[in-house]
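First to last, the protein sequences are chains A and B.
In this text, residue positions in the first sequence follow the working numbering: the first is 28, and each later residue adds one.
In this text, residue positions in the second sequence follow the working numbering: the first is 28, and each later residue adds one.
One structure is given here, and the rest of the page talks about it.
2 protein chains.
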Amino acid sequence: MHKIADDLKTKTGWELIKTAYHASDAIGDGTRFLIGNGYLGYRGTFAENTKEDYVACVVTDTWDNADGKWEELVTVPNALWTTLSVDGTPFSVKTHHGAFEKTLDLKGALNHSSVSHTFNHGATVSVKESKFASYALKHVVAMRYEVATDQAVDIAITTGIDSDVWSMNGNHFAKSDYFIHEGDYGVNITTTTAKDTIIVLEKTVWPEDAKVDTKAPKRKAHLHITPDKPCVFEKFMIVVTSNDVTHPLDVAKDLYRKIYGFEALKKAHSAAWDALWTMHDIEIEGNLADQLGVRFNLYHALIATPVHKALPIGARGLSCQAYQGAAWWDGEIYNMPMYLFTNPLIAKNLLIFRHKTLDGARAKAKRLGYEGAFYPWVSGKRGEELCPDFFFKDVLTGRDIRNHFNVWQIHVSMDIAYAVMQYYHATQDHAFMEDYGIEMLLEIARFTASRVVWIPHRNRYEIHQVLGPDVYHENIDNNAFTNWMARYALKVAIDALETFSSETIKRVKKTIQLRDDEITLWHDIIDKLMIPSPNKAGVIEQFDHYFDLETVLPASKLKERLIDEGEYYGWPNGIAVYTQCIKQADVIQLMVLFRNQFTEATHQANIDYYEPRTLHFSSLSPSTNAIGAARANRMALSETLFRHSLNIDLLNTKKSVTGGTFIGGSHTAANGATWQMVMFGFLGLTMEGDGLVFHPRLPQSWTRVKTTMYFRDQTIIVTADKATLYLKRRAMSMAPISVSVLNRNYTLHDTLKISIEKS
Amino acid sequence: MHKIADDLKTKTGWELIKTAYHASDAIGDGTRFLIGNGYLGYRGTFAENTKEDYVACVVTDTWDNADGKWEELVTVPNALWTTLSVDGTPFSVKTHHGAFEKTLDLKGALNHSSVSHTFNHGATVSVKESKFASYALKHVVAMRYEVATDQAVDIAITTGIDSDVWSMNGNHFAKSDYFIHEGDYGVNITTTTAKDTIIVLEKTVWPEDAKVDTKAPKRKAHLHITPDKPCVFEKFMIVVTSNDVTHPLDVAKDLYRKIYGFEALKKAHSAAWDALWTMHDIEIEGNLADQLGVRFNLYHALIATPVHKALPIGARGLSCQAYQGAAWWDGEIYNMPMYLFTNPLIAKNLLIFRHKTLDGARAKAKRLGYEGAFYPWVSGKRGEELCPDFFFKDVLTGRDIRNHFNVWQIHVSMDIAYAVMQYYHATQDHAFMEDYGIEMLLEIARFTASRVVWIPHRNRYEIHQVLGPDVYHENIDNNAFTNWMARYALKVAIDALETFSSETIKRVKKTIQLRDDEITLWHDIIDKLMIPSPNKAGVIEQFDHYFDLETVLPASKLKERLIDEGEYYGWPNGIAVYTQCIKQADVIQLMVLFRNQFTEATHQANIDYYEPRTLHFSSLSPSTNAIGAARANRMALSETLFRHSLNIDLLNTKKSVTGGTFIGGSHTAANGATWQMVMFGFLGLTMEGDGLVFHPRLPQSWTRVKTTMYFRDQTIIVTADKATLYLKRRAMSMAPISVSVLNRNYTLHDTLKISIEKS
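Following this line, the structure appears as structure tokens:
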């Protein structure tokens with residue numbers, strides 16, 4: 028057993044084991060042990076838990092606005108709710124946790140718990156729960172509940188559907204009716220503003236000799252158990268909504284019929300996960316903690332990702348309602364790259380969601396006086412802006428703060444253009460470009476051109492009043508990240524116009540009524556947009572006059588100025604605003620996206636400058652700087668930041684509640700960035716022309732890393748140790764791939780074995 | 028005796044009489060009874076007072092920075108300091124104010140106080156002080172000090188120079204040495220950072236039989252007085268600095284020699300003030316309170332105005348150090364118009380100060396990345412920006428607030444262009460334009476052109492990130508006031524280029540290296556600058572999206588949201604920021620400056636819209652809305668606002684201290700605007716072409732108003748009653764003046780008598 032933290036262990040790097048129960052871990056463990064399948068997430072709670080314990084089953088595509096302010100995904104009633112009593116005494120993990128173990132089985136995507144208690148009359152009773160969110164039947168969550176004893180006891184199991192759900196922003200159940208189906212119960216819900224139908228149906232498989240009292244929806248069964256005859260009880264929760272199918276009740280009943288039992292369902296689930304891990308696993312030798320951390324994060328990235336439909340990956344996935352389950356730039360920049368190189372269909376899905384929401388982005392641009400597609404900072408399912416004007420509260424005064432994420436954080440549109448091009452580069456999916464991509468690129472370019480201003484006396488375009496990725500500095504001009512991305516977005520739009528068939532271009536131009544004078548303007552902006560370049564020391568200024576701000580080193584010292592722990596550091600008058608302290612990577616974010624366009628010396632100058640100024644208060648930040656540091660050959664720093672990022676959810680290092688608002692749950696950007704830290708960071712992977720570039724620099728303790736990647740319809744197994752990079756192509760009869768390793772060029776036919784030892 | 032307030036009276040409208048002593052009035056009375064002559068201001072305190080009583084003598088052009096943060100005028104040692112004891116008992120107004128009267132004689136520009144006390148032994152002793160700041164010898168303040176009794180008593184008078192001055196921001200006396208001159212004392216000061224020399228010299232005229240003890244600089248004289256032989260003691264304070272003359276000590280000694288006595292000096296002073304009132308007085312019949320209020324404000328405007336040198340009028344004049352005695356836009360917009368039409372040399376002086384400080388304005392523009400002349404929000408004597416980045420403190424958190432007056436409040440430059448043109452329009456002073464005006468106009472236009480941005484997709488120029496006159500809304504775009512003023516500034520620069528002789532233009536263009544492509548750009552901006560025009564209801568939006576802000580009516584209700592009385596309402600998160608409540612006139616300010624360019628209906632729509640939204644927390648605001656309301660024929664409102672403005676200093680209606688900072692003193696903008704309210708408001712005076720326009724609408728209670736104005740080298744006596752406007756020209760052999768009254772045209776040769784009765 029390898030110790031990860033005080034009460035966390037792993038055996039093989041495929042499982043997370045917790046060995047002690049602490050009441051205070053309710054939120055963290057609910058997230059850590061989360062199960063899910065991209066359709067729903069079911070928190071890693073116990074069957075007996077209720078909303079006080081942050082039980083939640085969050086379902087994709089169920090956005091509803093119950094309090095008039097916040098649109099969020101709905102938490103549905105818990106059909107796995109089950110309690111136990113032993114000889115009349117309630118058994119609860121909260122008071123009975125003598126021998127405790129809770130496991131997240133990453134390979135099988137199950138969680139287990141096992142807890143036992145010795146009662147006054149001498150009997151030691153144990154309860155084992157196993158749950159999984161079926162990857163094969165995505166509407167089903169399955170539970171096996173076993174009660175064992177060393178002396179004969181009478182037990183009673185109460186089970187039903189707990190409709191008193193934990194919901195962050197109001198009651199989403201405008202209507203909620205129970206119904207009976209083949210002796211089990213279901214609940215038929217109509218949501219508050221969306222008016223969606225949600226069906227939650229339980230299916231119970233009682234032990235043969237259970238005496239079941241069926242008078243109430245919460246049914247009770249009495250059993251006599253002995254040491255050689257434990258009780259095994261199975262329960263299934265079926266969730267279907269009118270967003271999934273036209274007749275959700277019919278589909279739920281059909282699924283009810285199809286479920287034969289826990290083991291059978293588990294087999295199909297395991298097969299699905301075996302396939303997933305074949306695509307996604309990263310094997311690490313030499314550091315079991317890193318191995319576990321990487322798999323733990325990949326697991327959370329995978330369960331947060333909808334694959335059944337073109338839907339976004341929420342900032343907290345399906346682990347809770349925080350951050351509204353909505354689309355943020357995280358999706359394109361933090362989550363998509365992993366899928367791009369493992370399962371590009373998912374990347375495509377994420378981009379198709381952005382195409383589906385183009386009208387919303389167009390409406391936002393128009394409302395604010397711009398043209399083209401200004402994607403929302405927090406996008407609802409129709410592309411509507413979910414980010415409210417007043418986001419935070421000033422804890423010192425109790426007044427609302429007007430943050431400007433929803434109007435000034437324009438880079439989200441350019442990020443999407445970047446993601447479109449990354450997708451196209453990795454897949455050469457012409458059809459996607461013709462059906463979706465080109466239109467998006469042109470509308471984003473159009474927005475970009477409407478957001479720049481021309482400064483006559485400087486003879487250049489500039490971009491004013493933005494927020495870059497670092498949100499602590501609002502209302503800034505010529506943010507290096509944003510200006511670079513803006514020029515990039517214009518360039519790729521022009522490229523698209525010049526690359527694709529004139530017929531396609533003609534059609535898309537007609538669809539969006541693009542005029543030639545707009546294109547002329549784009550060319551002009553590309554030529555004359557102010558692009559901050561490195562100063563003499565090689566450092567790029569984050570925005571105009573950033574260097575004039577107060578230097579506080581290290582940035583962590585800034586907290587000495589806090590009046591209240593819960594203060595927001597940023598706009599309008601937080602302690603970071605007039606300092607160089609930044610919440611998260613900004614210039615480094617830019618350099619990581621365009622890794623090959625900067626020299627190693629420039630990478631070094633910037634990581635050396637910005638890292639000590641970075642508070643890393645965003646879960647997005649450590650991974651970006653980890654990649655930047657690896658690119659700069661600052662390997663010790665890169666490793667530190669890599670583990671910082673890995674541990675965010677694994678060790679639950681972030682606050683769950685701030686200023687009275689729940690912000691817990693899994694950090695899907697950090698989860699998704701884990702793949703990037705290994706592949707972009709330690710293996711130095713980039714795309715260049717039609718080929719791939721590697722620049723391996725493994726962490727000290729790693730003896731070997733192995734993974735599978737996908738590039739232009741081909742699968743490549745990548746293995747590296749300190750001495751060798753080994754590439755093996757699952758070759759179909761396709762053209763070889765050009766590969767550059769440590770700046771030398773090779774051609775990958777079937778295999779390549781390249782020495783990477785330091786000379 | 029006409030009662031003005033509880034303890035304030037006037038007899039003839041030429042004097043303000045206070046009839047009761049209240050210790051709490053120290054600050055207010057010090058300001059109210061201020062004497063001054065544009066070179067120095069001496070607060071209306073008692074001879075016995077010290078810094079605890081806010082004694083101050085503030086001297087022009089002595090800016091010094093003692094605390095590293097605030098540059099301010101110096102308060103010099105008080106050479107009039109005098110105390111009295113009667114039969115060994117100290118006599119103090121603080122404890123002995125049995126019969127009290129304090130008078131400000133507006134006609135003679137003197138203050139008097141008279142206070143008496145009956146002692147235990149039965150003697151009633153009275154002290155009378157008279158003081159004036161000589162308008163004839165501007166370096167001299169004179170005092171006559173008389174002690175009378177109804178029984179013989181022994182008195183002792185102690186007098187000297189009190190160097191323990193009230194200074195707001197640090198000690199400005201780096202060095203301070205006493206010297207003796209002809210038995211009197213003087214003090215020779217070197218200031219802290221400016222290293223100026225300041226000489227303060229006393230001249231004492233003792234009563235003949237005084238026994239003077241001269242051992243210490245604070246000398247004591249013993250006298251025996253009887254009912255028929257009071258004590259009369261005279262003292263003179265001489266102030267000369269190295270900013271005035273090269274050898275200030277020699278000049279001070281020369282003045283010492285020239286001063287013969289109080290009465291002689293007073294005669295010259297009175298003659299000077301008689302001449303001043305001939306130019307400036309406004310006679311009102313029918314409302315003695317208004318008459319007093321108008322004269323009181325004109326008096327304060329006059330004593331605040333330097334005439335000896337091209338120096339600005341401080342926002343608090345010479346009444347204290349608040350607002351740094353620096354140049355603000357108030358000078359051009361609130362103070363200058365009165366002088367323009369009464370004594371244009373003073374207007375010219377104010378503008379020459381701006382020309383002298385052009386280099387400072389150029390340096391500010393350059394430092395911030397612009398071109399031309401960006402005048403400081405708070406201008407020091409070399410045009411350096413005195414307004415600090417952090418101006419206010421957030422009283423709720425104790426944190427400094429970064430207000431942006433010094434970087435975003437750009438209209439000050441355009442205001443100066445407006446003032447230049449007003450001056451030129453009123454005087455046709457070609458020489459001024461050739462020597463100063465054209466260069467200023469071109470440099471301001473150049474700055475303006477460098478501050479606009481071109482928005483390609485809207486095919487227009489805009490101006491972003493400014494503050495208009497209403498400072499509660501920072502960081503706004505397309506402020507109606509600023510955009511109008513910007514276009515105006517460009518237009519008048521182009522006009523100047525086209526109007527003046529090609530030789531002059533060639534010379535100025537060469538001096539400032541103006542390129543032809545700049546002029547082409549100015550033309551383009553004039554054509555395509557976004558100018559907010561009235562909406563369907565006739566209202567001009569103050570800035571982009573102002574109408575979307577929350578409406579709170581009346582604006583005064585907003586204060587219910589205060590957490591702390593001392594809170595700043597504006598940036599970054601004050602209670603006005605996200606509402607339509609404004610600190611002061613903004614759109615109305617624009618309409619008042621360009622009164623003839625808007626219809627009466629538009630004036631009405633805007634005053635009706637904005638007045639209830641205006642908090643009038645700036646002393647500049649009521650007068651502007653009073654003029655706007657008169658122009659809109661909202662006469663009841665105009666009268667209310669007129670008196671609101673009149674009473675600011677008269678009734679001391681503003682806070683003297685806020686957030687620990689002294690902001691008391693006279694409000695010179697409101698003082699100066701008094702003339703505008705009568706002339707521009709009630710008489711409806713504007714300039715049009717080469718002539719004058721009148722649109723008289725007198726307040727209800729006024730039966731007659733009479734004043735003298737100056738226009739293009741001619742003096743015109745303007746008299747109006749409800750029925751008639753009577754114009755009388757002190758005709759020299761000059762061309763007649765075209766006059767429009769109530770939209771009908773006339774020609775003024777010698778006199779014009781026009782019926783203005785309502786039909």
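The beta-carbon is built from N, C-alpha and C at its ideal position, and this holds for glycine as well.
- Inspect the CB distances between the region 369-384 of chain A and the region 515-530 of chain A and report whether three or more fall short of 8 Å. no
- So which residues on chain A does Gln-492 (chain B) lean against when the C-beta distance must stay under 9 Å? His-491, Gln-492, Asn-502, Asp-504
- Item | CA-to-CA distance, Tyr-488 (chain B) to Trp-481 (chain B), given in whole angstroms | 4 Å
- For Thr-186 (chain B) and Val-101 (chain B), the rounded distance between their alpha carbons: 22 Å
- Residues of the region 755-778 of chain B with a CB closer than 7 Å to any CB of chain A: list them in chain order, please. none
- Task: State the CB to CB distance for the pair Ala-160 (chain B) and Ile-54 (chain B), rounded to an integer number of angstroms; the pair is presumed to be in contact (CB under 8 Å).
- Result: Actually they do not touch by this definition, with Cβ atoms about 19 Å apart.
- Message: Are the CB atoms of Ile-539 (chain B) and Gln-569 (chain B) within a distance shorter than 9 Å?
- Response: no
- Considering only residues of the same chain and omitting the five flanking positions on each side of Asn-772 (chain B), which have a CB-CB separation below 7 Å? Ser-765
- Cys-258 (chain B) and Glu-156 (chain B) closer than 9 Å at C-beta: no
- Task: Select from B:Val-439, B:Lys-222, B:Glu-209, B:Glu-466 the residue whose C-alpha is nearest the C-alpha of Pro-792 (chain B).
- Result: Residue 792 (chain B) is absent from the structure shown; chain B starts at 28 and stops at 786.
- Task: Tell me, please, whether the CB atom of Ile-482 (chain A) is closer than 9 Å to any CB atom in chain B?
- Result: yes
- From Arg-478 (chain B) to Phe-368 (chain B), what does the alpha carbon distance come to, in whole angstroms? 33 Å
- Message: Given this structure, state the Cα-to-Cα distance separating Val-720 (chain B) from Glu-79 (chain B), to the nearest angstrom.
- Response: 51 Å
- Query: Using Cβ-Cβ distances below 7 Å, what residues of the region 599-624 of chain A are close to chain B?
  - Reply: Pro-599, Asn-600, Tyr-605
- Query: If you scan the region 537-576 of chain A from start to end, which runs of the alpha helix (DSSP H) of 4 or more residues do you find wholly inside it?
  - Reply: 543-555
- Item | For Tyr-773 (chain B), the three-state DSSP class (helix, strand or coil) | strand
- Item | Neighbour-count burial assignment, Pro-839 (chain B), 16 or more Cβ in a 10 Å radius | No answer is possible for residue 839 (chain B): the residues shown for chain B start at 28 and end at 786.
- Nearest-angstrom Cα separation, counted from Tyr-361 (chain A) out to Tyr-350 (chain B): 52 Å
- Query: What do you get for Val-684 (chain B), buried or exposed, if any count of 16 or more other CB atoms within 10 angstroms of its CB means buried?
  - Reply: exposed
- Item | Range of the contiguous beta strand (DSSP E) that encloses Val-113 (chain B) | 109-113
- Task: Check Leu-131 (chain B) in the structure and name its three-state DSSP category.
- Result: strand
- Query: Just to confirm, are Glu-784 (chain B) and Lys-755 (chain B) a CB contact at a threshold of 9 Å?
  - Reply: no
- Message: What ranges does the alpha helix (DSSP H) occupy inside the region 384-472 of chain A, keeping only unbroken runs of at least 4 residues that lie completely in it?
- Response: 385-394, 432-435, 438-454
- Could you check if Ala-564 (chain B) is buried or exposed, using at least 16 other CB atoms within 10 Å of its CB as the buried criterion? exposed
- Message: Quick check on Leu-710 (chain B): does DSSP put it in helix, strand or coil?
- Response: coil
- Message: In the DSSP assignment, the beta strand (DSSP E) including Lys-785 (chain A) goes from what residue to what residue?
- Response: Premise fails: Lys-785 (chain A) is in no beta strand (DSSP E) and is neither H nor E.
- Message: On the DSSP bridge list, what partners appear for Arg-756 (chain B)?
- Response: B:Ile-743
- Item | Cutoff 6 Å; reference Arg-658 (chain A); Cβ partners in own chain excluding five residues on either side | Arg-622, His-630
- Item | Listed by chain order, chain A residues near Ala-513 (chain B) by CB distance under 8 Å | Those within 8 Å of Ala-513 (chain B) in chain A number zero; the least Cβ separation is about 13 Å.
- Query: So who's on the other strand from Trp-481 (chain B), going by DSSP bridges?
  - Reply: A:Trp-481, B:Tyr-488
- Task: Pull up the CB-CB distance for Ser-140 (chain B) and Ala-175 (chain B), whole angstroms please, since I reckon it's below 8 Å.
- Result: At roughly 14 Å, the Cβ-Cβ gap does not stay under 8 Å, so Ser-140 (chain B) and Ala-175 (chain B) are not in contact.
- Item | Bridge partner(s) assigned by DSSP for Tyr-205 (chain B) | B:Val-214
- Does the distance from the C-beta atom of Met-662 (chain A) to that of Pro-581 (chain A) stay below 9 Å? no
- Are any of the Cβ atoms in chain B nearer than 9 Å to that of Asp-543 (chain A)? no
- Task: Could you check the C-alpha separation between Lys-202 (chain B) and Lys-584 (chain A) for me, to the nearest Å?
- Result: 42 Å
- Task: Would you mind working out which of B:Ser-648, B:Asn-138, B:Asn-679 sits nearest Thr-667 (chain B), comparing C-alpha positions?
- Result: B:Ser-648
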